[in-house]
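Heads up: the sequence lines are chains P and L, in that order. Taking my numbering, the leading residue of the first sequence gets 42, the next gets one more, and so forth. Taking my numbering, the leading residue of the second sequence gets 10, the next gets one more, and so forth. We put the beta carbon where it would ideally sit given N, CA and C, even for glycine.
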Amino acid sequence: MAAGPPGPFTIRVQLFARYAELLGADHLDVVAEGPLTVGEVLSRVRAFPGGRTIGVGTLVAVNLRQAPLSAAVTRGDEVAILPPLAGG
Amino acid sequence: MGFLTRAPIGVAELVAAVSAPERGGVASFVGLVRDHHGGRPVRALEYTAYEPMAESICAEIVGEAEARWPVRIALRHRLGPLGIGDVAVGIAAAAGHRDEAFAACRYAIEELKRRVPIWKRETFADGTEEWVDPTRMAAANSEEREGMAPW
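Set out below in structure tokens:
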């Protein structure tokens, strides 16, 4: 995905299930000065009230696919933090 | 695609959707809402999902199975509030012969449990509610070992 124009931008981070309850919101906005890694986005979310309950090894999706902590998050990406999956 | 549904899942419809004259074997898996979890009686539960990703990953899993075996697969997962005995997930895999049908059906349910972003909130008989965390339950609860191949 293109990095877009320079300057700060907002990353909308979606939360689900237990994480949405613990943080009291179904999404949070993280302000980025430039491209961040998934791990950096996760660190910022963990700094919100209640955020420490999110494990550092939790699953994160970028643009609907699981992404490693080292993956880049750029302007316009859809980020979601996924509690332990329990389908089926 | 509609892999997720808030309406009851009809297993016969899934089987019919993949049946064809050249497919002589249909294997199905039907996951029902259990009345207990971790030794505690369960009264009801609710499924939620990260829906666009869940749809996308379900499509990916079905595509993988259909590429790996000569099968056609139908898959549905229920969302919303469910009662004991309701069908939570249904999978039908049809192939020329049973080996491929069983293998593909097994693959689809195991990958669904491993990769699809769906969550389950259980209401216990005493009224308490809890998000199910299979990673926490796995060591203690032998039921969750059903994810391992039995052979």
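Contact with chain P by H45 of chain L, beta-carbon distance below 8 Å: Not an interface residue.
Beta carbon proximity, W128 of chain L to chain P, threshold 8 Å: So, interface residue.
Under 8 Å, do V101 of chain P and L83 of chain P count as touching if we go by C-beta distance? Yes, Cβ-Cβ distance for V101 of chain P and L83 of chain P is below 8 Å.
First through last residue of the alpha helix (DSSP H) which encompasses E120 of chain L: Start and end: 107-124.
Can you check whether the C-beta of L110 of chain P is within less than 8 Å of a C-beta belonging to chain L? Under the 8 Å criterion on CB atoms, L110 of chain P is classed as non-interfacial with respect to chain L.
Among L:A102, L:W78, L:I118, whose alpha-carbon lies nearest the alpha-carbon of H86 of chain L? H86 of chain L has its Cα closest to that of L:I118, out of L:A102, L:W78, L:I118.
To the nearest angstrom, how far is it from the Cα of A103 of chain L to the Cα of V80 of chain L? Going from the Cα of A103 of chain L to the Cα of V80 of chain L covers about 5 Å.
Distance between G94 of chain L and A26 of chain L (C-alpha atoms, nearest Å): C-alpha separation (whole angstroms): 23 Å.
Kindly list the residues whose CB is nearer than 6 Å to the CB of P125 of chain P, restricted to its own chain and excluding five residues on each side of it in sequence; keep chain order. So no residue of the chain qualifies.
Distance, Cα to Cα, G128 of chain P vs P46 of chain P? Looking at the two C-alpha atoms, the distance is approximately 39 Å.
Any C-beta of chain L under 8 Å from that of A102 of chain P: With 8 Å as the cut-off, A102 of chain P counts as an interface residue toward chain L.
Please identify, using Cβ separations under 8 Å, the residues of the segment 54-74 of chain P that lie next to chain L, in order along the chain. Considering only beta carbons, the part of the segment 54-74 of chain P lying closer than 8 Å to chain L consists of Q55, F57, A58, R59, E62, in chain order.
Helix, strand or coil for L91 of chain L per DSSP? Shown here, L91 of chain L sits in a strand according to DSSP, grouped into three states.
Grab the span of the beta strand (DSSP E) containing A58 of chain P for me, first residue to last. Per DSSP, A58 of chain P belongs to no beta strand (DSSP E); it is in the alpha helix (DSSP H), 58-64.
When DSSP labels each residue in this structure, what does A21 of chain L get in the three-state scheme? A21 of chain L: helix per DSSP, three-state reduction.
Rounded to whole angstroms, what is the Cα-Cα separation between I127 of chain L and E75 of chain L? Between I127 of chain L and E75 of chain L, the alpha-carbon positions lie close to 22 Å from each other.
Nearest chain P C-beta to I82 of chain L closer than 8 Å, yes or no? Under the Cβ distance rule, I82 of chain L does not count among the residues neighbouring chain P, no pair being separated by less than 8 Å.
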